[in-house]
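**Q**
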């Protein structure tokens with residue numbers, strides 16, 4: 001029996017959510033392809049060279065994230081006749097593709113493309129004399145290895161998924177709140193508006209990082225107290241990541257809600273909505289058919305604009321101690337681990353430089369794409 | 384004016400009460416004092432007596448909202464909600480887990496925070512506005528395009544890299560300033576150079592782009608065309624008409640953060656070893672000291688509301704059409 005091909009698919013909650021999100025985007029694309037108007041708008045996004053380039057870079061990063069979200073556990077050798085056992089370690093398709101990088105662990109630091117480790121060791125030669133020399137390493141590491149000898153390129157590629165998840169799943173949590181509350185406040189006005197405004201002013205008044213940190217502290221306590229909720233370390237780290245997204249989403253809906261409220265206030269006075277009301281169309285139907293489609297451009301612009309900020313926020317939150325699980329590969333954890341290495345002699349610069357390049361590429365592409373989207377969708381005209 | 388301020392005060396109360404309830408729900412509803420005690424006593428194998436002792440020591444041995452054992456008013460006042468949450472309204476922040484008075488610490492630590500945050504804020508505002516005005520002056524030229532691309536690139540770099548890069552480049556290699564530290568008074572000036580410079584540079588991408596968009600919106604209006612048409616110099620139009628009329632949206636974003644300067648910056652203070660409120664907060668988060676975090680959340684909201692009120696006052700000051708009553 002070939003063990004390498006014997007595996008059990010393992011589904012983490014974040015995987016499910018990510019694929020649901022992709023399905024939602026798929027449905028949107030499919031519906032857009034029938035609307036001449038929406039197609040023209042999206043063509044404007046890809047008309048600029050910058051927008052096209054940014055989109056391709058994003059596609060590259062998203063494919064990495066998707067490959068890293070197909071999880072499985074490999075079979076371990078089990079005596080014949082017993083139920084097949086699976087390894088406790090959860091791997092992804094990306095891990096499988098990167099097996100040469102993943103398995104090529106060294107003892108400690110080595111520079112990019114180095115043939116030896118960075119530090120010297122006492123080695124006893126055949127004639128009994130002891131010399132200090134840097135041990136030769138067996139594998140080539142294009143971006144070097146970190147303190148525990150892990151390949152830095154592998155770590156950076158694995159960090160992409162965490163960044164993508166935080167940038168997208170947060171939106172998934174935030175959207176229902178922002179859309180429902182913002183539109184309802186603007187459309188109905190009166191005490192509903194007052195109550196919703198009170199809610200978001202209160203949330204807004206708390207300094208963002210503090211509110212998030214406070215919520216993460218509390219969630220951590222709960223996760224520590226309920227070890228029975230998950231059966232492996234990956235599920236635990238996954239739950240922490242999801243909790244972080246949920247917290248970011250629950251605290252981050254106020255900006256979009258405010259925009260949507262203001263836009264709905266304007267829309268509800270327009271003739272077509274007054275006419276719908278005069279015809280006796282129900283409020284729910286007016287909101288769904290007439291208001292929501294006419295504020296959709298604001299939603300799309302905000303979602304794309306927020307993405308880069310969320311990816312950057314992860315790095316800062318991980319530094320503060322309110323980010324993802326320390327065992328989850330993420331840019332924040334990479335920077336956090338690498339920042340003290342610059343003070344070493346000789347300087348270990350490659351983990352930090354790698355994190356910088358990858359994070360910069362991801363965020364820059366997201367920002368440029370967001371600009372192209374805003375220029376195309378903003379009815380006030382592109383500048 | 385006085386009537387307006389009094390009314391603002393009454394608007395502020397429900398918001399602060401909301402913040403108070405929210406933090407109470409978070410720290411005493413979702414997680415409980417028992418959980419807190421267990422974290423600080425370490426691990427799961429803590430006896431129930433030890434937990435009780437910790438709670439009595441730190442004053443967490445009270446019921447949430449109603450104390451049946453008390454007499455008269457004490458049935459309501461001798462509760463966690465009043466003692467730990469409502470007490471914040473009297474600016475009594477309680478004691479930290481290490482036994483120190485949080486209010487005293489805040490009073491001591493807000494000055495170092497302000498010494499760093501205020502120059503960063505003022506210098507930043509001048510630099511960001513100047514950059515934005517410069518780009519708007521050269522709008523629709525290659526200079527503008529290159530400038531905007533550079534701003535987008537600058538805002539795509541994580542704040543952590545500015546700090547780490549600045550420390551290595553300016554302090555370690557070029558030795559322009561000490562790498563970190565703090566001293567009060569004039570002798571501390573050398574320590575301010577690096578955090579202020581890095582604080583200003585790290586914000587330039589976001590802020591200048593935002594101001595540029597504001598100015599461009601004003602620059603497209605009719606009165607600007609009229610001003611050009613009647614022969615005013617481009618400088619005069621830029622500084623007098625465009626900058627003047629963009630003052631309201633600029634103030635909206637700027638004035639509200641002034642009171643919060645007391646809270647300092649988490650990242651800058653912890654990297655540069657400044658004994659301000661930012662590093663206080665970060666230490667509290669890392670040590671899971673819930674009492675300090677609760678106090679800082681309340682203080683942050685309070686300062687935000689002060690900022691909102693100041694914003695309204697500043698509108699009346701710059702715009703003669705705005706009257707406060």
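Protein chains in written order, with the working numbering: chain A, 1 to 383; chain B, 384 to 708.
The C-beta atom is built at its ideal place from N, Cα and C for all residues, glycine as well.
(1) Let me know the secondary structure DSSP gives residue 86(A) once reduced to three states.
(2) Of all the residues that make up the stretch 80-99 of chain A, which are near chain B by a beta-carbon distance shorter than 9 Å?
(3) Report yes or no: is there a C-beta of chain A within less than 9 Å of the C-beta of residue 694(B)?
(4) For residue 91(A), list the residues DSSP reports as bridge partners.
(5) Going by alpha carbons, who is nearest to residue 563(B) out of 658(B), 675(B) and 707(B)?
(6) Span of the alpha helix (DSSP H) holding residue 363(A)?
(7) Grouping DSSP H, G and I as helix and E and B as strand, with all else coil, what is residue 123(A)?
(8) Give the DSSP-derived three-state secondary structure of residue 285(A) in the structure shown.
(9) With a CB to CB cut of under 6 Å and the five nearest residues on each side skipped, what residues in its chain are close to residue 601(B)?
(10) Could you tell me the distance, in whole angstroms, from the CA atom of residue 292(A) to the CA atom of residue 283(A)?
(11) Just to confirm my understanding: we take residue 272(A), look at its own chain, exclude 5 residues before and 5 after, and list those with CB closer than 7 Å. What are they?
(12) For residue 31(A) and residue 603(B), I'd like the C-alpha separation in whole angstroms.
(13) Answer with yes or no whether the minimum CB distance from residue 464(B) to chain A is below 9 Å.
(14) Using only alpha-carbon positions, find the residue among 479(B), 514(B) and 566(B) that is nearest to residue 443(B).
(15) On the CB-based measure, 16 or more other CB atoms within 10 Å of its CB, does residue 372(A) come out buried or exposed?
(16) Excluding the five sequence neighbours on either side, which residues of its own chain have a C-beta within less than 6 Å of the C-beta of residue 376(A), listed in chain order?
(17) Would you tell me roughly how many angstroms separate the C-alpha atoms of residue 590(B) and residue 133(A), rounded to the nearest one?
(18) Could you tell me which chain B residues have their CB closer than 9 Å to the CB of residue 359(A), listed as they occur along the chain?
(19) Helix, strand or coil for residue 325(A) per DSSP?
(20) Pick out the complete alpha helix (DSSP H) segments inside the stretch 291-337 of chain A, 4 residues or longer, and give them in chain order.
(21) Within the 9 Å Cβ cut-off, does residue 375(A) reach chain B?
(22) Would you say the stretch 663-673 of chain B touches the stretch 203-222 of chain A, given that touching needs at least three Cβ pairs under 8 Å?
(23) Determine the burial state of residue 77(A): buried for a count of at least 16 other Cβ atoms within 10 Å of its Cβ, exposed for fewer.
(24) Considering only the beta carbon of each residue, do residue 246(A) and residue 173(A) sit closer than 9 Å?
(25) Does the beta carbon of residue 418(B) sit closer than 9 Å to a beta carbon anywhere in chain A?
(26) Along the alpha helix (DSSP H) that carries residue 59(A), what are the first and last residues, could you check?
(27) Which residues of chain B have a Cβ atom closer than 7 Å to the Cβ of residue 333(A), listed in chain order?
(28) Going by beta carbon distance, what residues of the same chain come within less than 8 Å of residue 475(B), once the five residues before and after it are set aside?
**A** The structure says:
(1) strand
(2) none
(3) no
(4) 72(A)
(5) 658(B)
(6) 350-377
(7) strand
(8) helix
(9) 625, 628 and 629
(10) 12 Å
(11) 290
(12) 36 Å
(13) no
(14) 479(B)
(15) buried
(16) 41, 44 and 45
(17) 51 Å
(18) 539, 540, 541 and 544
(19) coil
(20) 292-320
(21) no
(22) yes
(23) exposed
(24) yes
(25) yes
(26) 49-67
(27) Neighbours of residue 333(A) on chain B: none; closest Cβ ~12 Å, over 7 Å.
(28) 486
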